[in-house]
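Residue numbers (the working numbering): 80 to 160.
Following this line, the structure appears as structure tokens:
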């Protein structure tokens, strides 16, 4: 959410950032929390894809996809993993 707000403010301005937070407050989407029990899997993913490299943000998306069970994740990252 922090990164999303940063990008919205930078690219679209204060109103877009505020609207995003209003939608969150209304329950338009949920936020997935990484937990300590995810750390082993995250480390294994980062090691497996070290040649790309995979960072925490990338690994957290894989963890989220595994948690959801369908693998449909929207990311605006175009540079790496």
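Glycine included, every Cβ here is placed at the ideal spot set by N, Cα and C.
Closest by C-alpha distance to residue i, when choosing among the options
i, options, result
"residue 109", "85, 156 and 152", "152"
"residue 157", "146, 150 and 136", "136"
"residue 162", "139, 145 and 80", "Past the boundaries of the shown model lies residue 162; the chain is included only from 80 to 160, so the question cannot be answered."
"residue 97", "107, 84, 128 and 154", "84"
"residue 145", "111, 92, 90 and 131", "111"
"residue 117", "105, 130, 107 and 141", "141"
Which of helix, strand or coil DSSP assigns to residue i
i, result
"residue 108", "coil"
"residue 122", "helix"
"residue 130", "coil"
"residue 87", "helix"
"residue 115", "helix"
"residue 81", "helix"
"residue 94", "helix"
Terminal residues of the alpha helix (DSSP H) in which residue i lies
i, result
"residue 139", "135–147"
Beta-carbon proximity check, residue i vs residue j, cutoff 7 Å
i, j, result
"residue 143", "residue 133", "no"
"residue 154", "residue 113", "no"
"residue 95", "residue 86", "no"
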